[in-house]
Amino acid sequence: MKKAMIVSDNITKSFGNNVALNGISFKVYEGEIFGFLGPSGSGKTTMINILTGQLSPNEGQGMLLDKYSLHLSASDLETIGIVSDKSGFYEKLSLEKNLQLYGKLYGVPNSKIDELLKSVGLYDSKQTLAEKLSTGMKQRMLLARALINAPKVLFLDEPTSGLDPTTSQSIHKLLLDLKNKGTAIFLTTHDMNEATLLCDELVLLNKGHLVERGEPRDIIQKYNQNKKVKLTYSDFEQEEILFAQLNQTDLSHVIAIHSCEPTLEDIFIKLTGEKLNA
Ligand code: ADP
Ligand code: MG
-7 MKKAMIVSDN ITKSFGNNVA LNGISFKVYE GEIFGFLGPS GSGKTTMINI LTGQLSPNEG
53 QGMLLDKYSL HLSASDLETI GIVSDKSGFY EKLSLEKNLQ LYGKLYGVPN SKIDELLKSV
113 GLYDSKQTLA EKLSTGMKQR MLLARALINA PKVLFLDEPT SGLDPTTSQS IHKLLLDLKN
173 KGTAIFLTTH DMNEATLLCD ELVLLNKGHL VERGEPRDII QKYNQNKKVK LTYSDFEQEE
233 ILFAQLNQTD LSHVIAIHSC EPTLEDIFIK LTGEKLNA
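Here it is in structure tokens:
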């Protein structure tokens, strides 16, 4: 039986009159990438703070590895990794030195640090001072640092925001490797494309309310009842028709047929009337 590594049990959190999270429940199992998706201000970081015991909910509770989040001990925290843009480094030390310093806390040998640097594609830049790193390199360095203690549970707060597609892809590959090794990954993002590619299960959040949940494929199916396809003709005119009409259509001048499945982004807009990366 799969083991639940992260549990959110009816978590509600308000800041004054502002309800940041409204009765949110889910479980994340080992070897699963769980997506927590929503626009800026929808409660994503607040959820990470509650689940990792840094913030108390008003109602409900978070659990990590069978312990209440608020009762996590220092040694429990050694088995989790958190990547958020708040985590700082020593700007005047090289990338390698920064990681070695952190590794010492966990008794991790420098050979392991080299291995990690290679896995995030930073080995060749290991002498670069932290202050000289690009955004993408910093993100990957944070990820490498979070992986130093081989965490069983990994929290990633918008790990690829502001990254170029190639860097994002290398991070995606690394996350899939970790998942395959059994790590439970909690990923917040406003990149629906990323979520569709990576997540086994996801929730869509809007202003602290859960508006949809499930496997990306199932959610897309659910909102794709009137299946459509887009035809492109040899004069590059395009036309959308129902999939069911395809066999009654003259395709002799058609050069391409594309299915028009809604993206998660389309679905989110439909559900909330709002754009994700607003
Ligand atoms: P996200 O990470 O999805 O952008 P947050 O979890 O940071 O969203 O914020 C959710 C809501 O809670 C926002 O309206 C934000 O202004 C509010 N909020 C978050 N942290 C605090 C805080 N420490 N004090 C007051 N309001 C906060
Ligand atoms: Mg946030």
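FYI, the numbering for the sequence shown is -7 to 270, going by my numbering. Where is the CB? At the ideal position from N, CA and C, for every residue including glycine.
Check your understanding: In the structure shown, what three-state DSSP assignment does H201 receive?
Key -> Within the sequence shown, the letter at position 209 stands for residue 201. Collapsing the DSSP output to three states places H201 in a strand.
Point to revise | Expected contact under 8 Å - CB spacing of V203 and T255 to nearest Å | key: Here residue 203 refers to the residue found at position 211 of the sequence shown. Here residue 255 refers to the residue found at position 263 of the sequence shown. At roughly 16 Å, the Cβ-Cβ gap does not stay under 8 Å, so V203 and T255 are not in contact.
Check your understanding: Beta-carbon of S226 versus every beta-carbon of chain B: anything under 8 Å?
Key -> Absent from the structure: chain B. Only one protein chain is present.
Point to revise | Nonlocal neighbours in the same chain, by C-beta distance under 6 Å from A270, ignoring five residues either side | key: If you number the sequence shown from 1, residue 270 lands on position 278. With a pLDDT of 48 at A270, under the threshold of 50, the modelled position of that residue is not reliable, and the figure given next carries that caveat. Excluding residues up to 5 positions away in sequence, P31 lie with their Cβ nearer than 6 Å to the Cβ of A270 in the same chain.
Practice item. May I have the straight-line CA-CA distance separating G128 from L196, to the nearest angstrom? Key: Position 136 of the sequence shown, counting from 1, holds the residue named residue 128. Position 204 of the sequence shown, counting from 1, holds the residue named residue 196. One Cα belongs to G128, the other to L196, and the distance between them is close to 26 Å.
Practice item. State the start and end residues of the unbroken alpha helix (DSSP H) segment that holds G94. Key: Numbered from 1 along the sequence shown, position 102 holds the residue referred to as residue 94. In the sequence as displayed, the identity of residue 94 is Tyr instead of Gly. If you look at Y94, you'll find it in the alpha helix (DSSP H) that goes 87 to 97.
Check your understanding: How many Å lie between I72 and G206 at the Cα?
Key -> Position 80 of the sequence shown, counted from the start, is the residue given in the question as residue 72. Position 214 of the sequence shown, counted from the start, is the residue given in the question as residue 206. Just so you know, the alpha carbons of I72 and G206 end up roughly 25 Å apart.
Practice item. Using a threshold of 8 Å, state whether the C-beta atoms of A176 and V145 are closer than that. Key: In the sequence shown, residue 176 corresponds to position 184, counting from 1. In the sequence shown, residue 145 corresponds to position 153, counting from 1. In contact: A176 and V145 (Cβ atoms closer than 8 Å).
Check your understanding: Rounded to whole angstroms, how far is the Cβ of G45 from the Cβ of L29, which I believe are closer than 8 Å?
Key -> Counting from one through the sequence shown, the residue named residue 45 turns up at place 53. Counting from one through the sequence shown, the residue named residue 29 turns up at place 37. Rounded to whole angstroms, the Cβ separation of G45 and L29 is 23 Å, and the two are not in contact under 8 Å.
Review point. Count the other CB atoms within 10 Å of the CB of H182; is the residue buried (16 or more) or exposed (fewer)?
Key: In the sequence shown, counting from the first residue as 1, residue 182 sits at position 190. So H182 ends up on the buried side.
Exercise for review: Give a single yes or no on whether N14 has its beta carbon closer than 7 Å to a heavy atom of the ligand ADP.
Suggested key: Taking the sequence shown and counting its residues from 1, one reaches residue 14 at position 22. Checking the Cβ of N14 against the ligand ADP gives no.
Review point. Between K199 and the rest of its own chain, which residues show a CB-CB distance below 7 Å, the 5 nearest in sequence each way excluded?
Key: For the purposes of this step, residue 199 is taken as residue 207 along the sequence shown, with counting starting at 1. The residues S34, in chain order, have a CB closer than 7 Å to that of K199 in the same chain once the five nearest residues on each side in sequence are set aside.
Practice item. Using three-state DSSP, classify L190 as helix, strand or coil. Key: The sequence position of residue 190 within the sequence shown is 198, counting from 1. Per DSSP, reduced to three states, the secondary structure at L190 is helical.
Review point. For the ligand MG, which residues have a Cβ under 6 Å from at least one heavy atom, in chain order?
Key: Shown in chain order are the residues whose CB sits closer than 6 Å to a heavy atom of the ligand MG: K36, T37, D149.
**Study point:** Exposure of P49, with buried meaning 16 or more beta-carbon neighbours within 10 Å
**Key:** The count along the sequence shown starts at 1 and reaches residue 49 at position 57. Residue environment: P49 is assigned as buried (16 or more neighbouring CB atoms within 10 Å of its CB, all protein chains considered).
Review point. Terminal residues of the continuous beta strand (DSSP E) containing N102?
Key: Numbered from 1 along the sequence shown, position 110 holds the residue referred to as residue 102. It is not in any beta strand (DSSP E) - N102 instead sits in the alpha helix (DSSP H) that spans 102 to 111.
Practice item. Report all residues from its chain with a CB closer than 7 Å to the CB of L139; omit the five preceding and five following residues, and keep chain order. Key: Along the sequence shown, read from residue 1 onward, the residue named residue 139 stands at position 147. Taken in chain order, the residues that qualify are G73, L108.
Review point. Quick one: is the Cβ of S226 within less than 7 Å of any heavy atom of the ligand ADP?
Key: Within the sequence shown, the letter at position 234 stands for residue 226. Proximity of the beta carbon of S226 to the ligand ADP is not indicated: no heavy atom of the ligand is located closer than 7 Å.
Point to revise | Exposure label - E229; buried when at least 16 CB within 10 Å | key: As a working mapping, residue 229 is identified with position 237 in the sequence shown. In this structure E229 is exposed. Its beta-carbon is surrounded by fewer than 16 other beta-carbon atoms within 10 angstroms.
Check your understanding: Can we count G154 as close to the ligand ADP, meaning its CB is less than 7 Å from some heavy atom?
Key -> As a first step, residue 154 must be located in the sequence shown, where it is residue number 162. G154 Cβ: outside cutoff for every heavy atom of the ligand ADP.
Practice item. Give a yes or no on whether the C-beta atoms belonging to L243 and K219 are separated by under 8 Å. Key: Sequence index remark: in the sequence shown, residue 243 carries index 251 (1-based). Sequence index remark: in the sequence shown, residue 219 carries index 227 (1-based). Cβ atoms of L243 and K219: not closer than 8 Å.
Check your understanding: Helix, strand or coil for A270 per DSSP?
Key -> Residue numbering aside, residue 270 sits at position 278 when the sequence shown is read from its first letter. Note that A270 has pLDDT 48, beneath the 50 cutoff, so the model's placement of it is unreliable and the number below is only indicative. A270 falls in the coil class under three-state DSSP.
**Study point:** Alpha carbon of K171 to alpha carbon of V246, nearest angstrom
**Key:** Taking the sequence shown and counting its residues from 1, one reaches residue 171 at position 179. Taking the sequence shown and counting its residues from 1, one reaches residue 246 at position 254. When rounded, the distance between both Cα atoms is 42 Å.
Check your understanding: Taking buried to mean at least 16 other C-beta atoms within 10 Å of its own C-beta, is P157 buried or exposed?
Key -> Residue mapping note: residue 157 aligns to position 165 of the sequence shown, counting from 1. Flag for P157 reads exposed.
Exercise for review: State yes or no: is the C-beta of F7 nearer than 7 Å to some heavy atom of the ligand ADP?
Suggested key: As a working mapping, residue 7 is identified with position 15 in the sequence shown. Within the cutoff, so yes.
Practice item. Could you pull the start and end residues of the beta strand (DSSP E) that G52 belongs to? Key: Reading the sequence shown from its first residue, position 60 is the one you call residue 52. Looking at the DSSP string, the run of the beta strand (DSSP E) that includes G52 is 51 to 56.
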